[in-house]
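Data block below; observations after.
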Amino acid sequence: MLLIQRSQRAANAVRTVSPGGELFVASVVICMILASFGDAVDPTVLGEAGLELALFDLGGEFSVLAMRHWHLLQLLLGGAALAAGITVLRIGGTIFYRVLRPAPAGGVEKVPIKL
Amino acid sequence: MELEFFSAAFLSALFAIILIDLVLAGDNALIIGLVARNLPKNTQNKVIFWGTFGAIAIRAAMAIIVVYILNVPGFMLCGGLALVWIARKLLTPEPDAAANHLAKAPAATFAGAVRTIVIADAVMGVDNVLAIGGAAHGSIVLIVLGLAISVPIIVWGSQLVIKLVDRYPSVILLGGAVLAWTAYSMIVREPMLMAWFEAHPATKLVVAILIFSISLGPWYSERLSEQTKPLVVLLPALLVWMLAFEVAASVWKVQVDYLLARDQGEYLLEGLRWMGWLPLAALFLWVREQLIQRSRRTARG
Chain G
0 MLLIQRSQRA ANAVRTVSPG GELFVASVVI CMILASFGDA VDPTVLGEAG
50 LELALFDLGG EFSVLAMRHW HLLQLLLGGA ALAAGITVLR IGGTIFYRVL
100 RPAPAGGVEK VPIKL
Chain W
0 MELEFFSAAF LSALFAIILI DLVLAGDNAL IIGLVARNLP KNTQNKVIFW
50 GTFGAIAIRA AMAIIVVYIL NVPGFMLCGG LALVWIARKL LTPEPDAAAN
100 HLAKAPAATF AGAVRTIVIA DAVMGVDNVL AIGGAAHGSI VLIVLGLAIS
150 VPIIVWGSQL VIKLVDRYPS VILLGGAVLA WTAYSMIVRE PMLMAWFEAH
200 PATKLVVAIL IFSISLGPWY SERLSEQTKP LVVLLPALLV WMLAFEVAAS
250 VWKVQVDYLL ARDQGEYLLE GLRWMGWLPL AALFLWVREQ LIQRSRRTAR
300 G
């Protein structure tokens, strides 16, 4: 028996994982797949097509093509950064959506400003 | 391959080994407790010491043997495929996991107790040793260092590990992802396939997605609705279909690239490659639907 299976929550990790933890691991998996994409793509083919700069080389070392050389710790850090970015976008998007949402048509205070 | 000390590659491999050790660790502490519970007090301490020592020694020996075995052509591929299965098993929910165990009966003698502990550890540690053998990139220093850090944590700090994974179940998901990543790197490093992967670089991406889609299947399957659940089978099957054409093209020397097709047969083959999976997918969905309806009828009547 695995040690982790002595915990009911850990034995059912796919059901009990927190949204934040899930987002982090999903981001790490995305980084791993991007790294394998960098490993699979032949840079010379992209260079000939003139796509390397446009699509992949986002500047310096941080490009999908450079990710083929990333180690696990770098993938974890990349995943954490991606998860943080998605969280910020999600919060920002929610705030933006709330601001844009119109006031109820029958509402007394059409302009939500309190004096 | 010897990695430079404290380089990013070295620390990454060490982290992978410790993480794999923790998530795939057998319950050594419980086994030692179960086996030694009926022995006299003074013998219990000796059993705990020698049982732990034997377990660590057998684990280190197995890991070092695995490093050498993995150099044999074909074993890296087999090890990678085994890791895919191990990762999938790790993530599959087990509602009644605590019910079964390897060592239920207490031992009567000192030798019997130590033997039971060592055998139980060897049986439980096969998956673990295979995974760390793959993650260590052939470095014995890394394996010994990883075991030296993680085995004491598992044996004496098992409660700490249980608390950690209980508080953060995402560690298990991360362990599954790292196992899948290790499986991918083992399969693409397979000496028999290395030249083929160099000639077909795009297949590396297909293999990576295939490995992740199978290994992490239990995870994303939980998030899919009933209607979209067949994706758990269809996505890997489609990737295997595509991969099979690449393999067939190499084995039978046929042209499967539509830009390079010359005759009618090659165009037909190309059509089969891109469209041929559709009737099979439709057949699978139909059979699945029939089976669901039949099980519902059986449940009702």
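Protein sequence lines correspond, in order, to chains G and W. Going by numbering that gives the first Met the number 0, 78 is the number at position 79 of the first sequence; the sequence numbering is gapless. Going by numbering that gives the first Met the number 0, 176 is the number at position 177 of the second sequence; the sequence numbering is gapless. We put the beta carbon where it would ideally sit given N, CA and C, even for glycine.
Residue nearest to alanine 10 of chain G within the set W:Phe244, W:Ser294 and W:Val170 is W:Val170 (criterion: CA-CA distance). Residue-level contact by beta carbon holds for valine 22 of chain W and chain G, with a gap shorter than 8 Å. Using a Cβ distance threshold of 8 Å, valine 66 of chain W and alanine 121 of chain W do not count as a contacting pair.
The alpha-carbon separation between alanine 86 of chain W and leucine 144 of chain W amounts to approximately 23 Å. Here the alpha carbons of asparagine 37 of chain W and phenylalanine 4 of chain W stand approximately 46 Å from one another. Tyrosine 183 of chain W is positioned such that its CB atom lies closer than 8 Å to that of valine 206 of chain W. For the pair serine 17 of chain G and isoleucine 161 of chain W, the CB atoms are not nearer than the 8 Å cut-off. Excluding residues up to 5 positions away in sequence, nothing lies with its Cβ nearer than 8 Å to the Cβ of valine 13 of chain G in the same chain. With contacts defined by Cβ atoms closer than 8 Å, proline 190 of chain W and isoleucine 213 of chain W do not form a contacting pair. By the Cβ test, the stretch 28 to 35 of chain W is not in contact with the stretch 81 to 95 of chain G, since fewer than three Cβ pairs between them sit closer than 8 Å.
The three-state reading of DSSP puts asparagine 11 of chain G in coil, since its state is none of H, G, I, E or B. Not flagged as an interface residue toward chain W: alanine 102 of chain G, since no C-beta distance is shorter than 8 Å.
By the Cβ rule, the stretch 48 to 57 of chain W does not count as touching the stretch 173 to 188 of chain W, because fewer than three pairs are nearer than 8 Å.
Two segments are said to touch when three or more pairs of C-beta atoms, one from each, lie closer than 8 Å; by this definition the stretch 186 to 203 of chain W touches the stretch 240 to 250 of chain W. Listed by position along chain G, the residues whose Cβ is nearer than 9 Å to that of tryptophan 285 of chain W form an empty set, because the closest Cβ is around 29 Å away. In this model, leucine 81 of chain G and glycine 19 of chain G are separated by some 12 Å (Cα to Cα). Chain-ordered, the chain W residues with CB closer than 7 Å to the CB of valine 16 of chain G read Pro168, Ser169 and Leu172. Distance from the CA atom of aspartate 38 of chain G to the CA atom of alanine 62 of chain W, rounded to whole angstroms, is 28 Å.
Cβ neighbours of valine 113 of chain W within its own chain (closer than 8 Å, five residues either side excluded): Val46, Trp49, Gly50 and Gly53. The contact set of phenylalanine 36 of chain G on chain W, defined by CB atoms closer than 7 Å, consists of Leu204 in chain order. Arginine 58 of chain W is a Cβ neighbour of glycine 124 of chain W, given a cutoff of 8 Å. DSSP places threonine 115 of chain W in the uninterrupted alpha helix (DSSP H) bounded by 109 to 123. Within 10 angstroms of the beta-carbon of valine 71 of chain W lie fewer than 16 other beta-carbons, which makes it exposed.
Contact between isoleucine 16 of chain W and leucine 141 of chain W holds, with the beta-carbon distance rounding to 6 Å and staying under 8 Å. Residues Leu74 of the same chain have their beta carbon placed closer than 7 Å to that of methionine 31 of chain G, with the five preceding and five following residues left out of the count. If you draw a 10 Å sphere on the C-beta of lysine 203 of chain W, you find 16 or more other C-beta atoms in it, and that means buried.
Closer than 8 Å to the CB of proline 200 of chain W there is at least one CB belonging to chain G. Residue environment for methionine 193 of chain W: exposed (fewer than 16 other C-beta atoms within 10 angstroms of its C-beta). Methionine 61 of chain W: member of the alpha helix (DSSP H) spanning 40 to 68, first to last residue. Membership of glutamine 226 of chain W in any alpha helix (DSSP H) is not indicated, and neither H nor E is assigned to it by DSSP. About 13 Å separates the Cβ atoms of alanine 12 of chain W and serine 149 of chain W, ruling out a contact at the 8 Å cut-off. Judged by DSSP secondary structure, threonine 86 of chain G falls within the alpha helix (DSSP H) whose first and last residues are 71 to 99.
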